[in-house]
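Asks:
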Amino acid sequence: MAVPQQRADTLKAGGWVLATLQSAFWAVLRHSSLEEAIVAAVNLGDDADTTGAVAGALAGARWGLGAIPQRWLDTLRGRDELLQLADALLDLSLRGTS
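Residues in the sequence shown are numbered consecutively from 22, following the working numbering.
Put into structure tokens, the structure is as follows:
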């Protein structure tokens, strides 16, 4: 069953999700750059990869692609494919859902 069609009483929301979101938002709102925010989120420890990924998504939305440090992009495996996917998602978004 697709998630939008599920009944609310069949879903489970755990505290770990809330903690991840809280930590990611904290990092993005407290720091002044994408790099600082992601590094701060990861350095909180515990489920660092998840918190870093969520913080990265939020930071990307806030600061954009141009804020990603070039040294990170230079070592990113599959970079060209990821950029193509991002462009395709943007095209879908601009066309709307109709």
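C-beta: ideal position from N, C-alpha, C; glycine also.
When you compare only the Cα positions, how much space is there between Arg51 and Gly99?
Replies: Approximately 30 angstroms, taken between the alpha carbons.
Asks: Taking Cβ positions, are Ala80 and Val49 nearer each other than 7 angstroms?
Replies: Cβ atoms of Ala80 and Val49: closer than 7 angstroms.
Asks: Could you check if Thr96 is buried or exposed, using at least 16 other CB atoms within 10 Å of its CB as the buried criterion?
Replies: When all chains shown are included, Thr96 counts as exposed.
Asks: Beta-carbon within less than 7 angstroms of Ala45's beta-carbon, same chain only, minus the 5 sequence neighbours each way: which residues are those?
Replies: Within the same chain, Ala45 has close Cβ partners Ala62, Thr72, Val75, Ala76, Leu79.
Asks: Report the option in Glu56, Trp93, Arg28, Trp37 whose CA atom is closest to the CA atom of Arg83.
Replies: Among Glu56, Trp93, Arg28, Trp37, the Cα nearest to that of Arg83 belongs to Glu56.
Asks: Should Ala58 go down as buried or exposed, given a rule of 16 or more other Cβ atoms within 10 Å for buried?
Replies: Buried, by the Cβ-count rule.
Asks: If contacts are defined as beta-carbon pairs under 8 angstroms, then Ser114 and Ala88 qualify, I think. What distance do you get, rounded to the angstrom?
Replies: With a Cβ gap of about 20 angstroms, Ser114 and Ala88 do not count as contacting.
Asks: May I have the straight-line CA-CA distance separating Leu104 from Trp37, to the nearest angstrom?
Replies: Their backbone Cα atoms lie some 30 angstroms apart in a straight line.
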